[in-house]
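To start, the structure under review is shown below, and the notes come after it.
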Amino acid sequence: MSKYDVVIIGGGPAGLFAALELVTDKALRIILLEKGRDIDERSNIVSGLGGAGAFSDGKLTLSSKAGGHLAEYVGETAAEDLIRYVDKLWLDFGAPEKIYGMGEGVADIERRASLAGLRLVPLPVRHLGTERCPAVLRAIRDHLQKRIEIRVNTAAKQIIASEGKVIGVETAEGEVIESETVIVAPGREGSDWLLKQARALGLSLATNPVDVGVRVELPNAVLESLTSVLYEAKLEFLSKSFDDRIRTFCMCPQGTVVKETTGGDDPVITVNGQSFASHDSPNTNFALLVSTQFTEPFKEPIEYGKYIARLANILSGGVLVQRLGDLKKGRRSTPERIARGLVRPTLADATPGDLSFVVPYRHLTGLLEMLDAMDKLSPGVASEHTLLYGVEVKFYSSRPKLSSGFETELAGLFAIGDGAGISRGLIQASACGVVAAREILRKR
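Numbering (this note's numbering), first residue to last: 84 to 527.
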């Protein structure tokens, strides 16, 4: 049995940045547990040291208006200050200086989007690129290893509590690590585990929405007028038929479409995108997502999202791909129809099929409406040759009741990052870690 001042569960940005802030107190004994492999040994896209961000497109969105709920806890002014603070840390460890989404051209795109029935959310963005992300996170790891213990391939089994406060963590190997302060930052991959722990500990939970949709792939030229200025064009749309909120997400200029396995203990295969700083693909891809906030009595939005993803897995063995023209004509895409198209799929092993068998009618209607609106902003988006991959699902964990310092109702237990349902991206996850660490340091 070992004892530490702080145990951090999860080695993604939230956990790593909590550690970066905590090591400013040289007296603290800190251990970080990561169930996956080290960065240099990883094969899993969403699990391992560095978190899902290690092999992501690496976008640092420098605004509290996107990427999570940070401002709800600390206030908008404090959230913006935190974002500037963690941005500087990312820069110190190797993030690029260049910022997209500011300067000339933004106002004109915003005006044209409005005329097309869309709302542009202009945001400053740094782009690391899929190949640069691991290097930056590796530099953070190397810095931390001089001050804290990092254990990879070590899963936390359960959080141990007594008399209303946390007293330690039990690992999957049965080792008990004593600590009166535990930071839980399990990432989206660990959201199921955190939900089970929260229920076992009797913590109050709030249900988050689930986003279901497709990944769109088209020639670079179609969106170049947007991506050259914004890099990522964050567009929002309200469907005419159902008034659902639909948005673009994770735009990858000159990028590739990839598969990922997600969903924790009960995984499904979904689709995602990535782009490298070298920009070597002829295509651009982005997600188009419909947000659904369920109300009582339904309390399982994650299971709903998994059900839809599993339908696609059953029909295709993984990921479906369909030409937009085939979808509108009510017919499935075939390998021959894909081959005749003008857009070559960058995910070669996606199975041609029919997304109408997978995506609910309400969602599909809204997605098609938004593609038509985007076509008015950038002609060619709604081309019959545009490819749609399905499905893309974003799971947002149930949020435990938290203080402004991200402490749960159980004294000494903190929950942060994507896995706790607070953040939805690298920057806000990083900021969550800083907030929790500062609260811990304040209480010492």
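For glycine and all other residues, C-beta sits at the position ideal for the given N, C-alpha and C.
Query, Result
"Environment of P483 [buried if 16+ CB atoms lie within 10 Å]", "buried"
"The beta strand (DSSP E) enclosing Y472, as first and last residue numbers", "L470 to F478"
"Buried versus exposed, by CB contacts within 10 Å (16 or more), I113", "buried"
"Separation of S322 from G500, as counted between CA atoms", "30 Å"
"Buried or exposed by the 16-neighbour rule on C-beta atoms within 10 Å, applied to M334", "buried"
"Unbroken beta strand (DSSP E) run spanning V351, endpoints", "V351 to Q357"
"Alpha-carbon to alpha-carbon, L425 and G516", "45 Å"
"Host alpha helix (DSSP H) of H226 (start-end)", "C216 to Q228"
"M84 classed as buried or exposed, judged by whether at least 16 other C-beta atoms fall within 10 angstroms", "exposed"
"Nearest-angstrom beta carbon gap, G436 and S540 [assumed within contact, 8 Å]", "This structure cannot speak to residue 540, because the chain is shown only from 84 to 527."
"Straight-line gap, I391 to V441 (C-alpha atoms, nearest Å)", "6 Å"
"Alpha helix (DSSP H) runs contained entirely in the segment 237 to 294, provided each spans 4 or more residues", "274 to 284"
"Backbone secondary structure at L172 - three-state DSSP", "helix"
"Buried or exposed by the 16-neighbour rule on C-beta atoms within 10 Å, applied to G388", "buried"
"Which listed residue (P207, Q357, G200 and G413) has its alpha carbon closest to that of R298", "Q357"
"Contact the segment 414 to 432 vs the segment 262 to 280: 3+ CB pairs below 8 Å", "no"
"Whole-angstrom distance between G488 and N366, CA atom to CA atom", "42 Å"
"Contacting residues, own chain, Cβ-Cβ under 6 Å from D121 (five flanking each side not counted)", "L132 and V235"
"Sub-7 Å separation of L493 and V249 beta-carbons", "yes"
"Rounded C-alpha distance that separates A514 from D88", "21 Å"
"Same chain, Cβ closer than 8 Å to L403, neighbours up to 5 away in sequence not counted", "A395, A433, T434, P435, G436, D437, L438, V441, Y472, G473 and V474"
"Three-state secondary structure assigned by DSSP to L145", "coil"
"Beta-carbon proximity check, R313 vs T331, cutoff 7 Å", "The sequence shown places Leu at residue 313, not Arg. It is not a contact, given that the beta carbons lie outside the stated cut-off."
"Start-to-end residues for the beta strand (DSSP E) that takes in H210", "V208 to H210"
"From E307, T237, S245 and G247, residue whose alpha carbon lies closest to that of E258", "T237"
"Cβ-based burial, T107 [other Cβ within 10 Å; buried from 16]", "exposed"
"DSSP beta-bridge partners of F320", "I329"
"Counted within 10 angstroms of its Cβ, other Cβ atoms place E104 as buried (16 or more) or exposed", "buried"
"6 Å CB neighbourhood of D348 in its chain, flanking five on each side removed", "D275"
"Inter-residue spacing [alpha-carbon to alpha-carbon] between E246 and Q280", "16 Å"
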